[in-house]
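I have placed the structure first, in the form of structure tokens, so that the comments after it can refer back to it.
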């Protein structure tokens with residue numbers, strides 16, 4: 001890490017002409033209108049008719065003074081904000097999530113919501129909910145599980161009209177989009193069995209925070225082998241070359257003929273280690289990942305994978321907006337994760 | 001995309017016992033203390049001595065009522081917030097940035113700041129600054145360039161005490177950590193020349209938003225070849241297999257002997273396309289990436305890369321805190337990006 005040089009105290013110059021923050025009263029004075037008129041114009045209130053010249057005068061005065069409305073003051077007056085809070089995911093997110101998030105954010109901003117992501121490093125579950133509640137968001141979208149019914153209640157008591165979770169399971173009081181990661185594992189398992197594999201290893205990543213995805217994926221594979229002669233073997237694995245090298249060195253004694261590698265990045269790691277050990281893919285070991293990342297197509301043999309269909313950001317934004325406008329709406333659950341096997345060369 | 005089923009209107013039940021949001025006055029009444037005492041206790045004010053039993057009573061009352069302090073109200077009273085705002089990057093971020101960001105966030109939360117990431121989809125430059133200003137952050141950290149002196153002024157007039165940018169260039173009014181991406185290109189160029197290469201192709205990614213990184217990297221390579229007999233050829237490239245395939249098919253007519261591929265992900269794409277075309281790496285084409293991602297070590301031949309040393313999150317957090325406490329501090333610039341070539345097998 002590069003050190004940022006300490007700023008020497010000598011460079012602390014006397015504050016240069018500290019201008020005070022302009023207020024809507026300053027704007028009203030300069031434009032020669034009431035504060036209420038300033039508020040109507042700058043908040044684009046359609047309920048009140050204001051002439052075009054007045055509107056222009058207010059905008060020009062605001063611009064001249066550099067006035068920006070104060071979201072917190074506005075939300076205190078209105079009794080609620082237009083802020084939709086999303087905690088930052090705990091784990092590094094891939095391109096798939098980034099794309100989904102950008103689409104969601106775009107759709108919410110078109111519905112006049114302000115999306116903020118709140119960094120919850122070190123906070124988990126209901127403790128995190130308390131920190132989020134301090135910002136008084138009108139809605140909270142939790143993109144992964146981990147929030148319980150108590151956390152949901154804290155948020156609602158603090159004025160959140162909607163709590164929407166993307167979660168592997170239902171949670172009391174929240175609208176939940178069930179991401180059926182079991183289906184991802186199930187699809188991978190069915191595929192391997194159909195390709196004639198019978199002794200399936202399943203990578204269980206050891207990074208903290210991934211259990212909520214990896215457990216249902218593992219259970220999905222177990223469901224797929226149920227009633228067949230195929231077996232499932234758990235393969236705990238850290239995301240590093242040494243751990244993968246040990247797995248590959250043990251491969252032949254494990255007596256497996258296939259591996260579901262949790263996702264494409266783990267699959268790349270495992271495939272490389274197996275190839276370095278001289279194990280033929282797919283002959284000696286069929287490999288399948290999940291997420292359908294570009295890198296899987298760049299591997300040789302090309303990586304088979306499970307493609308995930310995340311919910312459309314626009315549909316999720318509409319659910320949030322509906323729930324905000326109708327706080328009495330009974331919490332709903334929807335199954336929203338589609339899973340499709342992309343068969344390539346590695347399986 | 002999976003469609004979220006529309007919620008039928010029938011499920012809009014009458015609002016279940018709408019409890020009103022508890023206030024600090026409710027907590028004061030239940031605990032039998034003044035509102036000021038509630039505020040002192042819950043905000044951990046050390047200036048006022050309050051007995052342990054009173055403290056406990058306030059905490060218990062707050063817990064019973066489910067009261068959470070209101071950050072916006074507190075910041076209106078205090079005249080400023082403890083909110084540090086960071087815009088969400090426009091481009092998908094890799095693991096390197098995630099790690100830096102987590103460390104920064106952790107360090108700021110230990111200094112009692114609340115970090116929120118603001119989604120600025122569709123907003124650029126000074127227009128974005130206006131949207132950020134509405135949240136009245138006490139400090140703004142801009143992790144990439146794109147904000148001009150006017151945007152900085154808008155933020156400062158709205159009460160931001162510090163604007164800190166990680167940027168390729170200095171900006172009036174802001175503390176700027178200069179990320180010298182030119183040094184990344186320069187290091188890669190020097191390395192290739194030392195390895196005997198003379199006709200260097202430089203990948204220029206066509207994804208929008210990457211120009212602020214790719215332009216200085218290209219200039220850095222030009223600096224490295226300056227005064228040598230080596231030449232630089234720009235290779236515009238989209239991040240897809242077809243574009244890489246066309247580049248590889250043309251490779252021999254381009255008459256190049258090396259390529260700096262912008263980063264490791266582009267390097268993986270280019271290397272695959274060249275290998276599929278039967279072009280030997282590094283003999284016919286030396287390849288070097290940047291970022292030092294795990295995937296480069298998993299390629300064969302192993303990918304040479306430029307390792308970036310980002311500033312330590314803790315040092316950056318301290319700079320922010322210092323600037324908040326001393327708003328008169330003259331804006332400073334620091335060069336903070338270190339670049340080290342990791343020579344492996346591809347060059």
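Residue numbers (the numbering used here), protein chains in the order written: chain A, 1 to 347; chain B, 1 to 347.
Glycine included, C-beta positions come from ideal geometry on N, C-alpha and C.
Boundaries of the beta strand (DSSP E) in which residue i is found, first to last residue
i             : result
residue 117/B : 114-118
residue 343/A : Unbroken run through residue 343/A: none, as it is neither H nor E.
residue 29/B  : No beta strand (DSSP E) contains residue 29/B, which is instead part of the alpha helix (DSSP H) from 24-31.
residue 141/B : 139-142
Whole-number beta carbon distance between residue j and residue i, since they are thought to touch under 8 Å
i             : j             : result
residue 281/A : residue 346/A : 5 Å
residue 157/B : residue 21/A  : 6 Å
residue 344/A : residue 302/A : 4 Å
residue 40/A  : residue 48/A  : 5 Å
residue 115/B : residue 84/B  : 5 Å
residue 135/A : residue 133/B : Incorrect: roughly 17 Å between the Cβ atoms, too far for contact.
residue 182/B : residue 208/B : Contact flag wrong, Cβ pair sits at about 21 Å.
residue 298/B : residue 268/A : 6 Å
residue 220/A : residue 266/A : With 8 Å as the limit, residue 220/A and residue 266/A do not qualify as a contact, their Cβ atoms being about 16 Å apart.
residue 313/B : residue 100/B : 6 Å
residue 349/A : residue 42/A  : Lying outside 1 to 347, the shown extent of chain A, residue 349/A is not represented and no answer is given.
Span of the alpha helix (DSSP H), counted from its first residue to its last, around residue i
i             : result
residue 62/B  : 52-65
residue 152/A : 149-157
residue 276/B : 264-276
residue 243/B : 241-254
residue 216/B : 211-225
residue 183/B : 181-194
residue 297/B : 294-298
Per DSSP, the bridge partner or partners of residue i
i             : result
residue 37/A  : In DSSP, residue 37/A forms no bridge with anything.
residue 83/B  : 114/B
residue 201/B : 233/B and 259/B
residue 164/B : 141/B and 175/B
residue 333/A : 176/A
residue 288/A : 260/A and 304/A
residue 338/B : 309/B
| field | Contact between the stretch 292-310 of chain B and the stretch 145-157 of chain B (3+ Cβ pairs under 8 Å) | value | Taking 8 Å as the limit for Cβ pairs, the verdict is that the stretch 145-157 of chain B does not touch the stretch 292-310 of chain B.
| query | Between the stretch 315-330 of chain B and the stretch 283-293 of chain B, do three or more beta carbon pairs fall short of 8 Å? | reply | No: fewer than three Cβ pairs fall under 8 Å.
| message | Using a Cβ-Cβ cutoff of 9 Å, what residues of the stretch 44-72 of chain A are near chain B? List them in chain order. | response | For the stretch 44-72 of chain A, the set of residues with a beta-carbon nearer than 9 Å to any beta-carbon of chain B comprises 65, 66, 67, 68, 69, 70, 71 and 72, in chain order.
| said: Count Cβ pairs between the stretch 167-180 of chain B and the stretch 331-342 of chain B that sit closer than 8 Å; are there 3 or more? | reply: Between the stretch 167-180 of chain B and the stretch 331-342 of chain B, the count of Cβ pairs shorter than 8 Å is three or higher; the stretches touch.
| field | Touching by the beta-carbon criterion (3+ pairs, under 8 Å), the stretch 185-192 of chain B and the stretch 164-171 of chain B | value | Note that the stretch 185-192 of chain B does not touch the stretch 164-171 of chain B; fewer than 3 beta-carbon pairs, one per stretch, sit closer than 8 Å.
| Can you find at least 3 beta carbon pairs, one from the stretch 135-150 of chain A and one from the stretch 271-278 of chain A, that sit closer than 8 Å? | Cβ pair count under 8 Å is below three, so no.
| Looking at chain A, which residues of the stretch 246-271 of chain B have a Cβ within less than 9 Å of any of its Cβ atoms? | Residues passing the 9 Å Cβ filter: 265, 268, 269 and 271.
| In chain order, what residues of the stretch 20-37 of chain B put their CB closer than 8 Å to some CB of chain A? | If the cut-off is 8 Å between Cβ atoms, the stretch 20-37 of chain B has 21 and 22 near chain A.
| task | Quick one: which residues of the stretch 146-168 of chain B get their C-beta closer than 8 Å to a C-beta of chain A? List them in chain order. | result | Using a CB distance below 8 Å, the part of the stretch 146-168 of chain B facing chain A consists of 153, 154, 157, 158 and 159, ordered along the chain.
| query | Taking contact to mean at least 3 C-beta pairs separated by less than 8 Å, is the stretch 128-139 of chain B in contact with the stretch 45-65 of chain B? | reply | Fewer than three Cβ pairs drawn from the stretch 128-139 of chain B and the stretch 45-65 of chain B lie within less than 8 Å of each other, which leaves the two stretches out of contact.
| Cβ-based contacts, 7 Å cut-off: residues of the stretch 125-141 of chain A near chain B | From the stretch 125-141 of chain A, only 130, 133, 134, 135 and 136 have a Cβ closer than 7 Å to chain B.
| request: Flag this pair as touching only if the stretch 250-268 of chain B and the stretch 197-213 of chain B have three or more C-beta atom pairs under 8 Å; answer yes or no. | output: With the cut-off at 8 Å, the stretch 250-268 of chain B and the stretch 197-213 of chain B touch.
| Residues of the stretch 232-243 of chain B with Cβ closer than 9 Å to any Cβ of chain A, in chain order | Answer set for the stretch 232-243 of chain B: 239, 240 and 241.
| chain A contacts from the stretch 101-121 of chain B (Cβ-Cβ distance under 7 Å) | Hits within the stretch, in order: 102, 105, 106, 109, 115, 116, 117, 118, 119 and 121.
| field | Members of the stretch 197-209 of chain B that neighbour chain A once the beta carbon cut-off is set at 7 Å | value | The stretch 197-209 of chain B vs chain A, Cβ under 7 Å: nothing.
| field | Members of the stretch 288-304 of chain A that neighbour chain B once the beta carbon cut-off is set at 7 Å | value | Of all residues in the stretch 288-304 of chain A, 295, 297 and 298 have a Cβ within less than 7 Å of some Cβ in chain B.
| said: Give me the subset of the stretch 332-345 of chain B whose CB atoms are less than 8 Å from a CB atom of chain A, sorted by chain position. | reply: The stretch 332-345 of chain B vs chain A, Cβ under 8 Å: 332, 334, 336, 337 and 338.
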